[in-house]
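Numbering (my numbering), first residue to last: 19 to 405. Reading through the C-alpha cells given below for one structure.
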Amino acid sequence: MTCTVTVLGATGSIGRSTADLLDQHRDRFRVAAVAGGKDAAALARVARELGAGFAALSDPDGGPALRDALAGSGIACGAGPEAVIEAASRDADLVVAAVSGAAGLTPTHAAIRLGRTVALANKESLVCAGDAFMRDAKRYGARILPMDSEHNALAQAIGEGRIDDITRMTITASGGPFRTAPRERIAAASAAEAAAHPTWSMGMKINIDSATLMNKGLELVEAHHLFSIDAARLDVVVHPQSIVHGLVTWRDGAVTAGLAMPDMRVPIAHCLGIGDRLSIARGRPVDLAATGSLTFERPDEERFPCLRIARAALAAGGAQPTVMNAANEIAVAAFIAGRIGFYDIAALVERACEDFAARFPAAPADVAEALAIDDEVRRWSTRALAA
Ligand code: NDP
Ligand code: MG
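Right, here's the structure in full:
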C-alpha cells in the first residue's frame with residue numbers, strides 16, 4: 019500500500035535525508051506536500067525530485083520565484099505562513115516535522131490537530147509547548163514518532179516495555195567539537211569552529227547547540243514529554259563515537275540500548291516505515307569490532323553550562339523551557355553572526371530564565387500562549403544583546 023508523506027522543512031538537513039529515503043523507496047511513497055523557509059530554488063528542486071503535489075514556501079516574497087521554478091511541472095505552490103499550514107494540513111499518512119526552531123510549532127501543531135501521524139524532528143515544538151502538544155496529540159488522536167536519534171533509539175529500546183519499570187533513561191552526547199578543549203579555548207571559538215561537528219552532519223543551529231550541549235538540554239525536555247518521564251530519571255552521558263544513542267535501565271538492572279551509526283537516515287527510516295523496516299542504500303552497518311571501543315564519560319557542566327541551565331529549566335518546569343529556547347535561538351543567531359562569544363550564549367539564556375521566572379510561572383496552556391512567550395523573550399533577548 020502506498021504511504022502518503024508530507025515533509026515540512028524539506029530543504030534542510032533532515033529534509034534532504036528524508037528525500038533521499040523517499041527517493042530510494044519510490045514504489046512505497048507518494049509525496050503530498052513539501053514546505054521550506056526562504057530558498058525557493060531548493061524547494062522547487064526537491065518538489066520536482068519527489069513529484070510532490072504541493073510546495074509551500076514560508077517567505078511570502080519568494081512566491082514568484084517558486085512559481086517560476088515550478089513552471090510546467092504541474093506542482094501547485096503557495097507562499098507565506100498560511101501556505102505552510104496548508105502543506106501541513108494536506109491529507110497524508112505521515113507528516114515529517116523538520117522545520118528548524120520555533121518556526122516549526124504552528125505547522126507541526128496543525129498536523130497534530132488533524133490527528134496525523136507526525137514524525138517529529140522539530141524538538142523545539144516539545145521544548146516550547148510540550149504539555150500542549152502531548153495533550154492535543156491525545157485529544158485529536160495524533161501519533162508522534164520520535165525522529166531525533168536519541169529518542170528514536172529510546173523508543174526502540176523501550177519497545178512494549180512499561181515506563182513505570184524504567185529507573186533511568188540515558189541519552190548520549192557526542193560532546194561536540196570542544197569536548198576536550200580547555201575553557202579559554204572554547205571561550206574564543208568562532209561559529210565555524212563550533213559548527214564543525216565531529217560525528218553528525220546537521221543544520222547550523224543544531225550544530226551550535228551541539229557544541230554548547232544545549233542540544234542535549236533540549237533533548238532532555240523532549241524526552242520528558244515524549245515518554246512522560248520525570249526529570250529525575252533522565253540522564254546524559256558523553257559518548258564520542260556516537261554509536262550508542264539511548265539506553266533504558268530497567269527496574270531489575272538490565273539495560274536495553276539503541277545502537278546505529280551516526281546517520282540520521284536510520285531514525286528517519288524507522289519513522290517512515292511506521293512499523294516496517296526500510297533498507298538504506300549506501301548505509302553503513304554498525305561494526306563493533308572495527309570500531310574497537312565505545313567510551314563514555316560524564317558531561318562537564320562547568321565548560322558546558324548550557325546543559326546545567328537546561329536541567330534547571332526542566333526541573334523548574336512551568337514556562338522555563340519555553341523561555342530558555344527563545345533566548346537560546348536569539349543567542350545562537352547572534353553567535354553565528356559573530357556578534358557575541360561562545361559563553362555569551364549561556365549567559366544570555368541564564369539571565370532570561372532568571373528574569374522571566376516570576377513573570378511566566380506556568381507552562382503555556384496552548385501553542386498560542388507558547389508563541390506569545392517566545393515572542394516576548396526574543397524581543398527581550400534582542401534588546402539585551404544590543405545594550
Ligand atoms: P536546517 O536548518 O538544515 O533546515 C531547516 C528547514 O526548515 C529548511 O528546509 C528551512 O528552509 C525550513 N524552514 C525554516 N523556517 C521555516 C518556516 N517558517 N516554514 C517552513 N520551513 C521553514 O535544520 P535541520 O534539518 O538540521 O533541523 C531541523 C529540525 O530537526 C530542528 O528542529 C532540529 O533540532 C531537528 N533535528 C535535526 C537533526 C539533524 O541531524 N540535522 C537531528 C535531530 C533533530 P530554508 O532553508 O529555505 O530556510
Ligand atoms: Mg539528537
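We put the CB at the ideal spot given by N, CA and C, even for glycine. Note that the structure is a prediction, hence the values are computed from the model and not measured.
According to DSSP, residue pairing for residue 268 in a beta bridge involves 184. If the five residues before and after residue 298 are omitted, its C-beta is found closer than 6 Å to the C-beta atoms of 283 and 287, all from its own chain and listed in chain order.
For residue 35, the CB stays at least 7 Å from every heavy atom of the ligand MG. Note on geometry: alpha-carbon atoms of residue 148 and residue 169 lie some 15 Å from one another. For the beta strand (DSSP E) assignment, the uninterrupted runs of no fewer than 3 residues enclosed by the segment 268-320 are, from N- to C-terminal side, 273-277.
Closest in C-alpha terms to residue 75, from the list 69, 60 and 394, comes 60.
Sequence-distant partners of residue 331 (beyond 5 residues in either direction) whose C-beta falls short of 8 Å from its own C-beta, in its chain, are 235, 239, 338, 339, 341, 342 and 371.
A direct Cα-Cα distance of roughly 32 Å separates residue 167 from residue 84. Distance check between residue 319 and each of 329, 274 and 311 places 329 closest, using alpha-carbon atoms only. A heavy atom of the ligand NDP is found nearer than 7 Å to the CB of residue 139. In the DSSP assignment, residue 124 falls outside any beta strand (DSSP E) and lies within the alpha helix (DSSP H) extending over 123-131. The ligand NDP has no heavy atom closer than 7 Å to the beta-carbon of residue 372. Residue environment analysis places residue 71 among the buried positions, since at least 16 neighbouring C-beta atoms fall within 10 angstroms of its C-beta.
In chain order, 236, 239, 240, 339, 340, 342 and 343 place their CB closer than 8 Å to the CB of residue 145, counting only its own chain and leaving out the 5 sequence neighbours on each side.
The Cβ-Cβ distance between residue 205 and residue 229 does not fall below 8 Å. For residue 151, the secondary structure class from DSSP, reduced to helix, strand or coil, is helix. Residue side-chain check: residue 28 places its Cβ nearer than 7 Å to a non-hydrogen atom of the ligand NDP. CA-CA distance, residue 113 to residue 198, rounds to 39 Å. Between residue 27 and residue 128 the beta-carbon gap is near 14 Å, outside 8 Å, which marks them as no contact. When DSSP states are grouped into helix, strand and coil, residue 53 belongs to the strand group.
Nearest C-alpha to residue 187 among 246, 157 and 150: 246. Near the ligand MG, meaning a Cβ closer than 6 Å to any of its heavy atoms, lie the following residues in chain order: 166, 167, 168 and 237. In this structure the segment 348-363 does not lie against the segment 260-267, because fewer than three pairs of beta carbons, one per stretch, are closer than 8 Å. Residue 271 and residue 130 have their C-alpha atoms spaced approximately 36 Å apart. In the displayed model, residue 164 falls within a strand according to three-state DSSP. DSSP, read as helix, strand or coil, puts residue 29 in coil. Contact between residue 321 and residue 201 holds: their C-beta atoms lie close to 5 Å from each other, under 8 Å.
With respect to the C-alpha of residue 25, the residue from 36, 19 and 275 having the closest C-alpha is 36.
As the crow flies, the alpha-carbon of residue 290 is around 44 Å from that of residue 404.
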